[in-house]
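In this note's numbering, the protein residues as written are 366 to 594. Glycine residues also receive a C-beta, built at the ideal position from the N, C-alpha and C atoms.
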């Protein structure tokens with residue numbers, strides 16, 4: 366049996382056919398996610414007395430306890446995005462590539478020590494040391510969740526092909542998803558730190574601080590049990 370041969374005419378027709386048109390969306394960069402952790406140093410506030418701190422910390426303190434120190438972290442979550450877009454020649458559709466940056470942390474992170482305990486006293490040092498454990502817990506929690514936040518957002522956004530849809534709709538769709546789904550998600554992950562904070566404020570720790578420094582703390586306070594949430 367003889368081998369089949371392709372005719373010169375057929376080869377010429379193949380060469381004359383136009384190449385497939387390139388997808389204009391391929392010109393866009395791939396969607397990406399960058400996660401940044403706020404590295405803010407704690408601010409120290411020594412202006413409030415223990416009565417004011419007791420009011421500020423009433424949600425966490427047990428009834429009858431006096432709050433000598435308090436660490437408060439204001440959770441900050443911010444999404445920023447740039448979205449390169451290519452619009453079709455007829456203006457009816459577009460493709461877009463979300464470039465997302467998440468910045469999260471505590472800003473500010475404030476440590477209060479009651480003004481009844483000046484910085485040069487033993488009592489101040491004990492209360493300050495306790496509060497710094499809270500600061501370290503806040504910071505450790507932010508570091509611990511960074512990998513999961515990055516992986517979760519990357520699964521949703523990064524490495525995929527550009528988004529496609531009706532012209533003028535994609536940027537609004539992205540912002541809506543960030544606001545309604547991902548902002549609450551990051552806030553929930555940050556809030557899980559409270560479980561670790563509660564492990565620091567045990568009754569035994571309250572008693573240890575209250576009775577430290579040879580009774581210096583109790584001498585400066587009116588009757589009532591001291592606390593350092």
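Note on geometry: alpha-carbon atoms of residue 508 and residue 565 lie some 19 Å from one another. For the 8 Å CB-CB criterion, residue 467 and residue 514 form a contact.
Taken through DSSP and simplified to helix, strand or coil, residue 469 comes out as strand.
531 is the residue among 531, 538 and 571 whose C-alpha sits nearest the C-alpha of residue 454. A direct Cα-to-Cα measurement between residue 527 and residue 387 gives close to 15 Å. Excluding five sequence positions before and after residue 421, the CB atoms of its chain that fall closer than 8 Å to its own CB belong to 413, 432, 435, 437 and 477, given in chain order. With fewer than 16 other CB atoms across the displayed protein chains lying within 10 angstroms of its CB, residue 487 is exposed.
Residue 562 is positioned such that its CB atom lies closer than 8 Å to that of residue 499. DSSP, read as helix, strand or coil, puts residue 435 in strand. For residue 445, the CB contacts under 7 Å within the same chain, skipping 5 residues up- and downstream, are 466 in chain order. Going by beta carbons, residue 585 and residue 482 fall inside the 8 Å limit. Under the DSSP assignment, residue 519 falls in the alpha helix (DSSP H) whose first and last residues are 487-521. Between residue 440 and residue 448, the gap from beta carbon to beta carbon reaches 8 Å or more. Measuring C-alpha to C-alpha distances from residue 405 to each of 472, 398 and 389 identifies 472 as the nearest. DSSP places residue 430 within a strand segment (E or B) once states are collapsed to three. Scanning its chain for C-beta atoms nearer than 8 Å, with the 5 sequence neighbours on each side dropped, one finds around residue 457 the residues 531 and 532, in chain order. For residue 402, the enclosing beta strand (DSSP E) covers residues 397-402. Going by DSSP, residue 412 is part of no alpha helix (DSSP H) at all; its letter is neither H nor E. Residue nearest to residue 396 within the set 442, 521 and 474 is 521 (criterion: CA-CA distance). For residue 554, the uninterrupted alpha helix (DSSP H) segment begins and ends at 548-556.
Taking C-beta separations shorter than 6 Å and ignoring five residues to either side along the sequence, residue 560 has no partners in its chain.
Collapsing the DSSP output to three states places residue 480 in coil. Under the DSSP assignment, residue 534 falls outside any beta strand (DSSP E); it carries neither an H nor an E label. Around the Cβ of residue 470, a 10 Å sphere holds 16 or more other Cβ atoms; the residue is buried.
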